[in-house]
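Novice: Once you've had a glance at the structure underneath, I'll fire off some questions.
Number of protein chains: 2
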Amino acid sequence: MSAPPQPASFAATAAFRRLSELARRPHDLTAPGGFSPARIAQMRAGACELDVLYAAQRVSPDIMAALADLAREMGAVERFREMVQGAVINRIEGHPSENRRVLHCAARHLFDELPDRPEARLPADAVAEARKEAARLARFLEGVDRGTVGNARGEPFTEMINVGIGGSDLGPRALYVALQPWRKDGRRVHFVSNVDPDDPAHVLREAHLERTLVNVVSKSGSTLETRTDETLLRHAYVRAGLDPSVHFVCVTSPGSPLDASAQYREKFHTFDYVGGRYSATSAVGGVSLGFGLGWPAFEEFLRGAREMDLASQDLNLETNLPLLLALLGVWNRNFLGLETLAVIPYSQALSRFVAHLQQLDMESNGKSVTRAGQPVQSGTGPVVWGEPGTNSQHAFFQLLHQGPGVVPCEFLGFRESQYGEDLEVDGTTSQHKLLANLLAQVIALATGKPDANPNRRFPGNRPSTVILGQRLTPRVLGRLLALYENKVAYQGFLWGINSFDQEGVELGKVVAKRVLPLLTSGAAPAPSGAPESIETALLRAARILPR
Amino acid sequence: MSAPPQPASFAATAAFRRLSELARRPHDLTAPGGFSPARIAQMRAGACELDVLYAAQRVSPDIMAALADLAREMGAVERFREMVQGAVINRIEGHPSENRRVLHCAARHLFDELPDRPEARLPADAVAEARKEAARLARFLEGVDRGTVGNARGEPFTEMINVGIGGSDLGPRALYVALQPWRKDGRRVHFVSNVDPDDPAHVLREAHLERTLVNVVSKSGSTLETRTDETLLRHAYVRAGLDPSVHFVCVTSPGSPLDASAQYREKFHTFDYVGGRYSATSAVGGVSLGFGLGWPAFEEFLRGAREMDLASQDLNLETNLPLLLALLGVWNRNFLGLETLAVIPYSQALSRFVAHLQQLDMESNGKSVTRAGQPVQSGTGPVVWGEPGTNSQHAFFQLLHQGPGVVPCEFLGFRESQYGEDLEVDGTTSQHKLLANLLAQVIALATGKPDANPNRRFPGNRPSTVILGQRLTPRVLGRLLALYENKVAYQGFLWGINSFDQEGVELGKVVAKRVLPLLTSGAAPAPSGAPESIETALLRAARILPR
Numbered sequence: 018m019s020a021p022p023q024p025a026s027f028a029a030t031a032a033f034r035r036l037s038e039l040a041r042r043p044h045d046l047t048a049p050g051g052f053s054p055a056r057i058a059q060m061r062a063g064a065c066e067l068d069v070l071y072a073a074q075r076v077s078p079d080i081m082a083a084l085a086d087l088a089r090e091m092g093a094v095e096r097f098r099e100m101v102q103g104a105v106i107n108r109i110e111g112h113p114s115e116n117r118r119v120l121h122c123a124a125r126h127l128f129d130e131l132p133d134r135p136e137a138r139l140p141a142d143a144v145a146e147a148r149k150e151a152a153r154l155a156r157f158l159e160g161v162d163r164g165t166v167g168n169a170r171g172e173p174f175t176e177m178i179n180v181g182i183g184g185s186d187l188g189p190r191a192l193y194v195a196l197q198p199w200r201k202d203g204r205r206v207h208f209v210s211n212v213d214p215d216d217p218a219h220v221l222r223e224a225h226l227e228r229t230l231v232n233v234v235s236k237s238g239s240t241l242e243t244r245t246d247e248t249l250l251r252h253a254y255v256r257a258g259l260d261p262s263v264h265f266v267c268v269t270s271p272g273s274p275l276d277a278s279a280q281y282r283e284k285f286h287t288f289d290y291v292g293g294r295y296s297a298t299s300a301v302g303g304v305s306l307g308f309g310l311g312w313p314a315f316e317e318f319l320r321g322a323r324e325m326d327l328a329s330q331d332l333n334l335e336t337n338l339p340l341l342l343a344l345l346g347v348w349n350r351n352f353l354g355l356e357t358l359a360v361i362p363y364s365q366a367l368s369r370f371v372a373h374l375q376q377l378d379m380e381s382n383g384k385s386v387t388r389a390g391q392p393v394q395s396g397t398g399p400v401v402w403g404e405p406g407t408n409s410q411h412a413f414f415q416l417l418h419q420g421p422g423v424v425p426c427e428f429l430g431f432r433e434s435q436y437g438e439d440l441e442v443d444g445t446t447s448q449h450k451l452l453a454n455l456l457a458q459v460i461a462l463a464t465g466k467p468d469a470n471p472n473r474r475f476p477g478n479r480p481s482t483v484i485l486g487q488r489l490t491p492r493v494l495g496r497l498l499a500l501y502e503n504k505v506a507y508q509g510f511l512w513g514i515n516s517f518d519q520e521g522v523e524l525g526k527v528v529a530k531r532v533l534p535l536l537t538s539g540a541a542p543a544p545s546g547a548p549e550s551i552e553t554a555l556l557r558a559a560r561i562l563p564r
Numbered sequence: 018m019s020a021p022p023q024p025a026s027f028a029a030t031a032a033f034r035r036l037s038e039l040a041r042r043p044h045d046l047t048a049p050g051g052f053s054p055a056r057i058a059q060m061r062a063g064a065c066e067l068d069v070l071y072a073a074q075r076v077s078p079d080i081m082a083a084l085a086d087l088a089r090e091m092g093a094v095e096r097f098r099e100m101v102q103g104a105v106i107n108r109i110e111g112h113p114s115e116n117r118r119v120l121h122c123a124a125r126h127l128f129d130e131l132p133d134r135p136e137a138r139l140p141a142d143a144v145a146e147a148r149k150e151a152a153r154l155a156r157f158l159e160g161v162d163r164g165t166v167g168n169a170r171g172e173p174f175t176e177m178i179n180v181g182i183g184g185s186d187l188g189p190r191a192l193y194v195a196l197q198p199w200r201k202d203g204r205r206v207h208f209v210s211n212v213d214p215d216d217p218a219h220v221l222r223e224a225h226l227e228r229t230l231v232n233v234v235s236k237s238g239s240t241l242e243t244r245t246d247e248t249l250l251r252h253a254y255v256r257a258g259l260d261p262s263v264h265f266v267c268v269t270s271p272g273s274p275l276d277a278s279a280q281y282r283e284k285f286h287t288f289d290y291v292g293g294r295y296s297a298t299s300a301v302g303g304v305s306l307g308f309g310l311g312w313p314a315f316e317e318f319l320r321g322a323r324e325m326d327l328a329s330q331d332l333n334l335e336t337n338l339p340l341l342l343a344l345l346g347v348w349n350r351n352f353l354g355l356e357t358l359a360v361i362p363y364s365q366a367l368s369r370f371v372a373h374l375q376q377l378d379m380e381s382n383g384k385s386v387t388r389a390g391q392p393v394q395s396g397t398g399p400v401v402w403g404e405p406g407t408n409s410q411h412a413f414f415q416l417l418h419q420g421p422g423v424v425p426c427e428f429l430g431f432r433e434s435q436y437g438e439d440l441e442v443d444g445t446t447s448q449h450k451l452l453a454n455l456l457a458q459v460i461a462l463a464t465g466k467p468d469a470n471p472n473r474r475f476p477g478n479r480p481s482t483v484i485l486g487q488r489l490t491p492r493v494l495g496r497l498l499a500l501y502e503n504k505v506a507y508q509g510f511l512w513g514i515n516s517f518d519q520e521g522v523e524l525g526k527v528v529a530k531r532v533l534p535l536l537t538s539g540a541a542p543a544p545s546g547a548p549e550s551i552e553t554a555l556l557r558a559a560r561i562l563p564r
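Just so you know, the protein sequences line up as chains V and F, in that order.
Letter 369 of the first sequence, counting from 1, is numbered 386 in my numbering, and no numbers are missing.
Letter 330 of the second sequence, counting from 1, is numbered 347 in my numbering, and no numbers are missing.
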């Protein structure tokens, strides 16, 4: 399938003009009846057993209608279906760009009972590759479980070190932390990501190398940090008298330098049509999560993601949760002028999930150029940040409630805990207290409170959304991950940008290559008369080179 | 000492007007010579072996002079000295408020060789209390080391569970993570903070209770989360046939409910003049850090903080780093209109340090009312967020380089790694690569890059500061922590706000108390005719109560 037609321009749509008018008087949550029981009962949506409550956003039925018009004018759902069908949407018209399909959704198309919708079928080649890789991984993990895949002494592997950075680290790490109750007995996964030598040095103190598999994850096979950390780990294995070829596996693209190497016990594949930050459901997440949690838990995680992918193609905002969240975000970002988004999971298990969402969102939509190669006419991706509640209530919520600026919030929560180990203290369980706090924040932010003491006054009218599930299982986590992946993609479709490249990370790499040799050879003074470079001046000012 | 006179109004100063004029044409880093070697050599400051490079901020000598005038007009250094001397600065004039002194600096005044400066002496009572608590803690830790403080079978304690939230969690946790190379052999500290029951449930699977001390940290002695988690842990001890009174210690204020309890083996004190988020150098940080790292490492950490406290009283911006950083932040926030601040440590050890700074800064300065009880006339504390480099280069740096908005950055780094275990790969060590990347980001953000391809264009002119130390030791970490504590206090003095209360967290607690009983009794329908409350409506919409 070739590239689809260029979309309309976001700021030139009729809906944009209408929304700009409506934004002069956004809904006031503090007005009489502005946050009423009737409103709360009405403004909700749901799919895949996730409930979304958005009565505490500053939207009215008029505004919601105009947002739905915006989605229609921008052809948002059609764009999503084009993506699923394999259109080459990772491109910038008229300029050199990656020119790729965007098919991370294929990675979770493993279930015959969850077939494609007739409007959008995933390309057969990508589905076949995903299923082949999944089957290979399941077989490999079975070997690990049975002990047929073991160390040189025939002992089973109990630990894994995952070596990767960015998309090869944040997603797998966040998901592993989120699913600890599903961890296989005696299994443990460590993560090494940073080129900082203290990162592998610390993990080397924690891991038992003779029982550890090392999983090197690099889509390109040439990532500086990963290559460097891998070399450090290989040296540690050799020093320990262990044969790296027994312990090292990798995940990479077919044909990459890693793929060409004979140094790996097993190689798993990810593909050029799966972006790093969207790769948690591919082998990139699968090897470490499958090792730590077992294949069945990982498969359930994929099932959840697949279910949300299918729901993400609905035209109806009441069941298309990613599109709904995307539109509410556009309202806050482009029409209320709010530049950040706090995601607050009321779930300690999701303590690293926001770091993954931060990457997913900001690397995808921190863009200033449309797919047509034009400057954007309005704001794009917000700064996404957050920490778990209730912890964050005791940290930065002061600013959310009483700071001069407004930060919209997305609260995530679950009706039941993961472990189910709870206790009544003062008549309520911890889970009750957790949920009460989540909902209390929604109310407090929305309604505020007058007070004669100006320092105890709460202005209110601060928007938030609640996303609620029953219990954070692998399947629910898969739904939640796909919800956010698809939300980010939808916002990109609405803004008319390419959410799948990352040209903004390239300049830093180029400059680092100029600085790096100066660290070993740069101590020599510049030839007389030659001006000192910015790079050398910085190194001297930093006293890394002598002044 | 009574309350000092009210400061001048920030927005009414002559310097504010001057800076507002200068902000019409802020320094352009992309102009010819705008980021020159000479500028880089000149725009630096240093104290306590920390170097600060600020040539990549959008400031000129004129702007720096006006910022220094602003500090003088607001009496910033005098305010800091008043704080140190025990003035009652935690107050709002004319309204009920905490009315307390602010004396966390006393917690690190343990060193006769680092006496007070004559201009500002810490009150004798606070110093005496700090030294007494430090001596008690050192003795207790000596008992743990020697095994005289042991479990019921006389075995030594090897683990600790720290139970606390907010200031009783984020600081100690971040610092413990940062100083892993100093961890005592065989010792380990776990942290429980969230009221989410999965938080203690997970830690209970990791800890070996019979060899574990539980440290309950609550300044007020009545924090909901801490009390609840403590109760869960006590039940676990009883279930395991262990006597909690042998295993539980606490840190609290004299006279609190915890302090009155007979259930603790040992009680350590923090004081009403030490705010939670400023309490890492008190017993709040001392018990867990001292247990995990040993007293000598904790003492070195305190020594570093004390050194920075003394340097923080300089009138000269070239050596008063907290004031310098505060002023640069004010320039970005109030005159360039930048609403967030990214703190990026190029140090995996500081992976949780930013979460602590986030609390420290946002809870202190996320305020809209001056100490005189008036609405602020200009922005106050920014949204502070960040993750370690180089990881974050592969995550959200796309937005920093090419997003439509501008995010000022503070980069932290060290010339040497902690472990000193490194390897040359392709001719350079990992530490070289780490430093090269840090400085490369400064250059790339500042200078940008033109390109015929709009998607590969970098606008540049994006400000950053570098803070560089030699090696992240306990002493250097103490300096860094006090640098930020004092920066936050200085920004509060500049804005004329009270950085030491947190009234904005109260409303959520009040509303949670309304919601909580509904979770167990609220399923009953409202009496016929009675309107449903917002709280009940939310619980039904969330399907926590039946619809």
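All C-beta atoms in this analysis are idealised placements derived from N, C-alpha and C, irrespective of residue type, glycine included.
#1: Taking 7 Å as the limit between beta carbons, can you name the residues of its chain near H418 of chain F, skipping five residues before and five after?
#2: Name the chain F residues that come within less than 7 Å of E317 of chain V, Cβ to Cβ?
#3: Determine whether the beta carbon atoms of I484 of chain F and L187 of chain F lie at a separation below 8 Å.
#4: Is the distance from the Cβ of Q508 of chain F to the Cβ of A279 of chain F below 8 Å?
#5: Interface residues of chain F around I551 of chain V at Cβ under 8 Å?
#6: For M18 of chain V, count neighbouring Cβ atoms within 10 angstroms of its own Cβ and tell me buried if that reaches 16, exposed if not.
#7: Listing by chain order, which chain V residues have their CB less than 7 Å from the CB of R114 of chain F?
#8: Relative to the C-alpha of P54 of chain V, which candidate in V:I551, V:T464, V:N515 has its C-alpha closest?
#9: Roughly how many angstroms separate the alpha carbons of R34 of chain V and G51 of chain V, rounded to a whole number?
#10: In chain order, what residues of the same chain lie with their CB nearer than 6 Å to the CB of A547 of chain V, ignoring the 5 residues before and after it?
#11: Is there at least one Cβ from chain F nearer than 8 Å to R44 of chain V's Cβ?
#12: I want to see whether chain F comes within less than 8 Å of H252 of chain V, judged by CB atoms only; does it?
#13: By Cβ distance, which residues of its chain are closer than 8 Å to A85 of chain V, with the 5 residues on each side in sequence left out?
#14: If I'm right that Q410 of chain F touches V522 of chain V with Cβ under 8 Å, what's the distance once you round it to whole angstroms?
#15: Return the chain-ordered ranges of every beta strand (DSSP E) run that is complete within the segment 358-422 of chain F and spans a minimum of 3 residues.
#16: Which one of V:L358, V:A253, V:S237 has the shortest CA to CA distance from A277 of chain V?
#17: Any idea what DSSP makes of K284 of chain F, helix, strand or coil?
#18: Could you tell me which whole alpha helix (DSSP H) segments of length 4 or greater appear in the segment 332-360 of chain V?
#19: Within 10 angstroms of the Cβ of Q487 of chain F, are there 16 or more other Cβ atoms? Answer buried if so, exposed if not.
#20: Look up G63 of chain V in the DSSP assignment and give the residues it is bridged to.
#21: Short of 8 Å in beta carbon distance, which residues of its chain neighbour V220 of chain V, apart from the five on each side in sequence? Order them along the chain.
#22: Figure out for me which residue from V:R134, V:N232, V:R320 has the closest Cα to the Cα of R190 of chain V.
#23: Kindly list the residues whose CB is nearer than 8 Å to the CB of I561 of chain V, restricted to its own chain and excluding five residues on each side of it in sequence; keep chain order.
#24: Identify the contact partners of S329 of chain V in chain F, using a Cβ-Cβ distance below 7 Å as the criterion.
#25: Under the criterion of a Cβ to heavy atom distance below 7 Å, does F97 of chain F qualify as lining the ligand COA?
#26: Would you tell me roughly how many angstroms separate the C-alpha atoms of E324 of chain V and L500 of chain V, rounded to the nearest one?
#27: Does the beta-carbon of S538 of chain F have 16 or more other beta-carbons within 10 angstroms, so that it is buried, or is it exposed?
#28: In whole angstroms, give me the CA-to-CA distance for L259 of chain F and P173 of chain F.
#29: In chain order, what residues of the same chain lie with their CB nearer than 6 Å to the CB of R96 of chain F, ignoring the 5 residues before and after it?
#30: Taking A453 of chain F and A558 of chain V to be in contact with their CB atoms under 8 Å, please state how far apart those CB atoms are, rounded to whole angstroms.
#31: Report all residues from its chain with a CB closer than 7 Å to the CB of A195 of chain V; omit the five preceding and five following residues, and keep chain order.
Specialist: Once the coordinates are examined:
#1: Residue mapping note: residue 418 of chain F aligns to position 401 of the second sequence, counting from 1. Hits under 7 Å: A461, L462, F475.
#2: Numbered from 1 along the first sequence, position 300 holds the residue referred to as residue 317 of chain V. Per Cβ cutoff of 7 Å: no residues; E317 of chain V is ~18 Å from chain F at best.
#3: On the second sequence, position 467 is the one that residue 484 of chain F refers to. On the second sequence, position 170 is the one that residue 187 of chain F refers to. No; because the gap between Cβ atoms is not below 8 Å, this pair is not in contact.
#4: Here residue 508 of chain F refers to the residue found at position 491 when the second sequence is read from its first residue. Here residue 279 of chain F refers to the residue found at position 262 when the second sequence is read from its first residue. Contact: no.
#5: Residue 551 of chain V sits at position 534 when you count from the first residue of the first sequence. Per Cβ cutoff of 8 Å: F52, S53, P54, I57, I460, T464.
#6: On the first sequence, residue 18 of chain V is found 1 positions in, with the first residue counted as 1. Below a pLDDT of 50, predicted positions are generally treated as unreliable, and M18 of chain V, at 47, falls in that range; no measurement from the model is reported.
#7: Reading the second sequence from its first residue, position 97 is the one you call residue 114 of chain F. Reading off the sequence shown, one finds Ser at residue 114 of chain F, where the question assumed Arg. Under the 7 Å cutoff, chain V gives N472.
#8: Position 37 of the first sequence, counted from the first residue, corresponds to residue 54 of chain V. That would be V:T464, whose Cα lies nearest to the Cα of P54 of chain V.
#9: In the first sequence, residue 34 of chain V corresponds to position 17, counting from 1. In the first sequence, residue 51 of chain V corresponds to position 34, counting from 1. Going from the Cα of R34 of chain V to the Cα of G51 of chain V covers about 24 Å.
#10: Here residue 547 of chain V refers to the residue found at position 530 of the first sequence. Excluding residues within five positions, none has a Cβ falling inside 6 Å.
#11: If you number the first sequence from 1, residue 44 of chain V lands on position 27. The sequence given here has His at residue 44 of chain V, not Arg. No, its Cβ sits nowhere closer than 8 Å to a Cβ of chain F.
#12: As a first step, residue 252 of chain V must be located in the first sequence, where it is residue number 235. By this cut-off, H252 of chain V is an interface position.
#13: Against the first sequence, residue 85 of chain V aligns to sequence position 68. Answer for A85 of chain V: L334, L344, listed in chain order.
#14: Within the second sequence, the letter at position 393 stands for residue 410 of chain F. Within the first sequence, the letter at position 505 stands for residue 522 of chain V. Correct: roughly 6 Å between the Cβ atoms.
#15: 400-402
#16: Position 260 of the first sequence, counted from the first residue, corresponds to residue 277 of chain V. With distances taken between Cα atoms, A277 of chain V lies closest to V:S237.
#17: Translated into positions along the second sequence, residue 284 of chain F becomes position 267. Strand, per DSSP.
#18: 338-347
#19: Indexing the second sequence from 1 puts residue 487 of chain F at position 470. Under this definition Q487 of chain F is an exposed residue.
#20: By 1-based counting over the first sequence, the position of residue 63 of chain V is 46. Answer is V:D68.
#21: Mapped onto the first sequence, residue 220 of chain V falls at position 203. The answer, listed in chain order, is I178, H207, F208, V209.
#22: The count along the first sequence starts at 1 and reaches residue 190 of chain V at position 173. If we check each option's Cα against that of R190 of chain V, V:N232 comes out closest.
#23: Residue numbering aside, residue 561 of chain V sits at position 544 when the first sequence is read from its first letter. Once the five neighbours on either side are set aside, the close Cβ partners of I561 of chain V are L536.
#24: Here residue 329 of chain V corresponds to residue number 312 of the first sequence, with the count starting at 1. Chain F residues near S329 of chain V: none, gap ~22 Å exceeds 7 Å.
#25: Absence of the ligand COA is noted for the structure shown, with no ligands found whatsoever.
#26: Along the first sequence, read from residue 1 onward, the residue named residue 324 of chain V stands at position 307. Along the first sequence, read from residue 1 onward, the residue named residue 500 of chain V stands at position 483. Cα-Cα distance, rounded: 10 Å.
#27: In the second sequence, residue 538 of chain F corresponds to position 521, counting from 1. Looking at its Cβ environment, which holds fewer than 16 other Cβ atoms inside 10 Å, S538 of chain F is exposed.
#28: Translated into the one-based positions of the second sequence, residue 259 of chain F becomes position 242. Translated into the one-based positions of the second sequence, residue 173 of chain F becomes position 156. Going from the Cα of L259 of chain F to the Cα of P173 of chain F covers about 15 Å.
#29: By one-based count along the second sequence, residue 96 of chain F stands at place 79. If we look at R96 of chain F and ignore the five residues flanking it on each side, its Cβ neighbours are F510.
#30: Translated into positions along the second sequence, residue 453 of chain F becomes position 436. Translated into positions along the first sequence, residue 558 of chain V becomes position 541. At roughly 15 Å, the Cβ-Cβ gap does not stay under 8 Å, so A453 of chain F and A558 of chain V are not in contact.
#31: Walking along the first sequence from the start, residue 195 of chain V turns up at place 178. A366, L367, F370, L489, L494, listed in sequence order.
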